[in-house]
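**Student:** Read the sequence shown against this note's numbering and you will find it ends at 290, with the numbers running on by one and no gaps. Heads up, the beta-carbon is just placed ideally off N, CA and C, and yes, glycines get one too. Fair warning: this is a prediction, and the values are worked out from it, not measured in the lab.
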Amino acid sequence: MATNYYFPGFEFCVDQLKKFIQAFEVFTIMLTNGHIVHYLPHNVSDFRNWLLQHEVEDLRLSYINTDSN
222 MATNYYFPGF EFCVDQLKKF IQAFEVFTIM LTNGHIVHYL PHNVSDFRNW
272 LLQHEVEDLR LSYINTDSN
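1) Checking 7 Å against the spacing of the C-beta atoms, do His275 and Val235 come in under that value?
2) Applying the 10 Å Cβ sphere with the 16-neighbour rule, what's the burial state of Arg281?
3) Apply the 10 Å Cβ neighbour rule to Met222 and answer buried if 16 or more other Cβ atoms are within range, or exposed otherwise.
4) Would you call Leu238 buried or exposed, if buried means 16 or more other Cβ atoms sit within 10 Å of its Cβ?
5) With DSSP as the reference, identify every bridge partner of Met243, one or two as the case may be.
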């Protein structure tokens, strides 16, 4: 597992992130405390990869995997 717990320019540590959904370049992220934040990264693909590397749940993928069963 990757050890970069902070993404450059994003104020939250990966341990604070529960799940996310992406719409175009905007990420809507649920924190472990239940709060919702929106983030527009400078590099969308790097941010998405960082989230996935740290196993933050992608709601869109979770829905597709659940729906196919």
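**Tutor:** Once the coordinates are examined:
1) yes
2) exposed
3) A caution first: Met222 carries a pLDDT of 48, below 50, which makes its placement in the model unreliable, though a value can still be read off. Under this definition Met222 is an exposed residue.
4) buried
5) It is worth fixing the name first, because residue 243 is Gln in this sequence and not Met. In DSSP, Gln243 forms a bridge with Phe248.
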